[in-house]
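The structure under discussion appears below in the form of structure tokens.
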Amino acid sequence: MALIFTYKDNEYTLEFTRNTVMETERMGFDMDKIDSAPVTSLTLLFRGAFLAHHRTLTIAEVDDILTNIDKEGLLTALGKLYMDAIKPLIENEEHSKNAIKWTVKT
Amino acid sequence: MGGGGDNIKAFASYRDMFEEYFADYLVMGMTYDEFYNGDPNLVRAYRKAFKTKLENRNMEMWLQGAYIYDAISRLTPLMQPFAKKPKVVPYLKEPYDISGEKEGTESKKDKAGTEAALDHMRGLMTLINNRFGG
Chain A
219 MALIFTYKDN EYTLEFTRNT VMETERMGFD MDKIDSAPVT SLTLLFRGAF LAHHRTLTIA
279 EVDDILTNID KEGLLTALGK LYMDAIKPLI ENEEHSKNAI KWTVKT
Chain B
7 MGGGGDNIKA FASYRDMFEE YFADYLVMGM TYDEFYNGDP NLVRAYRKAF KTKLENRNME
67 MWLQGAYIYD AISRLTPLMQ PFAKKPKVVP YLKEPYDISG EKEGTESKKD KAGTEAALDH
127 MRGLMTLINN RFGG
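In the order they appear, the protein sequences are chains A and B.
When you line the first sequence up against the working numbering, it's residues 219 to 324, in that order.
When you line the second sequence up against the working numbering, it's residues 7 to 140, in that order.
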């Protein structure tokens, strides 16, 4: 899964690899602090999501995109991207097959 | 192996967790670049492939046992101490048809050989049991 958008005629693909998860973690991002520090978490997660495909961008350029991007649901989407790099390691296929399926209604 | 999900340990960081799991995936043939920089979902394919590889290896070992058993069975006439003219059944002319494509074409000689060898083996076992009260 990836988050794709175009800004100033450039197409950006945001996603995480296990390497960029570690780099984002090194930058100070902590999944457990998303609720207590959502703004810092969003900034760090957003910067980290560029590392897989747009490593040459400067922090200022990434922050400029963050300023202009629609932030509705962005933190959740980035959190999901982040977890996508981790989940395949800890899942249990047999258990997943038999697990109770659930949906969210709004 | 990684991805078990049953033994999720508490890790101080994702880095520690990845390092812990990476050794398992190295055994499965995954490279450093694939694990750390590649598609995160690739580990699923490696787990599946590794499981298949283990199953195939298990099957190979079982098949090898079957060939050995067959070969010994064919030699049993020689093991009968009081047999006047022991006749050894020759080894299989062809490998077993594990694909099932040659079903029904197994040479009559081979089939008869297997049956005869098994009969000898049964006879020998009965003789031993009678003699030693097994």
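We put the CB at the ideal spot given by N, CA and C, even for glycine.
Keep in mind it's a predicted model, so treat the numbers as computed, not measured.
So, helix, strand or coil for A:F234, using DSSP?
In this structure, DSSP gives A:F234 a state outside helix and strand, which the three-state scheme calls coil.
Which residues in chain A have a C-beta closer than 8 Å to the C-beta of B:G44? List them in chain order.
Identification of chain A residues near B:G44 by a Cβ-Cβ cut-off of 8 Å yields T235, ordered along the chain.
Can we say the stretch 94-110 of chain B touches the stretch 70-81 of chain B, given the rule of at least three CB pairs closer than 8 Å?
Touching, per the Cβ criterion.
Would you call B:G119 buried or exposed, if buried means 16 or more other Cβ atoms sit within 10 Å of its Cβ?
Per the 10 Å Cβ criterion, buried.
Neighbour list for A:D302 in chain B, Cβ cutoff strictly below 9 Å:
Those within 9 Å of A:D302 in chain B are P46, N47.
Sort A:G291, A:Y300, A:D250, A:S254 by Cα distance to A:R265 and report the nearest one.
Considering only alpha carbons, the answer is A:Y300.
Compute the Euclidean distance between the alpha carbons of B:G71 and B:N64, then round it to the nearest angstrom.
Approximately 11 Å, taken between the alpha carbons.
Give me whichever residues DSSP pairs with A:Y225 in a beta bridge.
Partner residues in the beta bridge of A:Y225, as assigned by DSSP, are A:N228.
Close-in-space but distant-in-sequence residues of the same chain around A:V280 (CB under 7 Å, 5 per side omitted)
Within the same chain, and ignoring the five residues on either side of A:V280 in sequence, the residues whose Cβ sits closer than 7 Å to its Cβ are F264, R265, F268.
Under 7 Å (Cβ pairs) to chain A, residues found in the stretch 19-30 of chain B
When C-beta distances to chain A are compared with 7 Å, the residues of the stretch 19-30 of chain B below that value are S19, Y20, R21, F24, Y27, in chain order.
Less than 8 Å separating the beta-carbons of A:T238 and A:A270?
Yes, they are a contact pair.
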